[in-house]
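To start, the structure itself, in structure tokens.
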Amino acid sequence: MGDTSVKKVEARHSPRGEMGQKYLVSGIRVSMRLWEDEKPGEPAPAVTRDYETVGYVLKGRAELHLEGQVLLLNAGDSWLVPRGASHTYKILETFSAVEATSPPATVHGRDEESQKPARA
Numbered sequence: 001m002g003d004t005s006v007k008k009v010e011a012r013h014s015p016r017g018e019m020g021q022k023y024l025v026s027g028i029r030v031s032m033r034l035w036e037d038e039k040p041g042e043p044a045p046a047v048t049r050d051y052e053t054v055g056y057v058l059k060g061r062a063e064l065h066l067e068g069q070v071l072l073l074n075a076g077d078s079w080l081v082p083r084g085a086s087h088t089y090k091i092l093e094t095f096s097a098v099e100a101t102s103p104p105a106t107v108h109g110r111d112e113e114s115q116k117p118a119r120a
């Protein structure tokens, strides 16, 4: 028999990470998080992550600076950040998005450990 675990997470009860994200449901191989009403501002230094990220913009606009490219993200757009890619976001207009990470960003301190700036 396969995995029969079922989880439900209510966003209002979700824990928040150090970067402002809400951690939503998490499985063995994938997790979700919510970025809600992120305010415009200058981007943080570029980082690399030990997981792959896919996201979907709910509202607002942002620039994704990814390995020397700049991608404009608008409501309804989706994106991919490959594992190990140098990247940062510049919020242009109050921004909300849902992301999924694989392996889960919350496991083994992947979010905290990988906040180090990207290699030069």
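Residue numbers (the UniProt record's numbering): 1 to 120. For glycine and all other residues, C-beta sits at the position ideal for the given N, C-alpha and C.
Margin query: Here's the rule I'm using: 16 or more other beta-carbon atoms within 10 Å means buried, otherwise exposed. How should residue 21 be labelled?
Written below: buried
Check: Does the region 38-52 come close enough to the region 79-86 that 3 or more CB-CB pairs lie under 8 Å?
Finding: yes
Note to self: If you follow the beta strand (DSSP E) that residue 51 is in, where does it begin and where does it stop?
What the structure shows: From DSSP, residue 51 is part of no beta strand (DSSP E); its letter is neither H nor E.
Margin query: Taking the straight line between their C-alpha atoms, what separation do you get for residue 59 and residue 79?
Written below: 14 Å
Checklist line | Pair within 8 Å by beta-carbon distance, residue 28 and residue 62 | finding: no
Check: What is the DSSP secondary structure of residue 117, counted as helix, strand or coil?
Finding: Note that residue 117 scores a pLDDT of 40, beneath 50, so its modelled location is shaky and nothing firm can be said.
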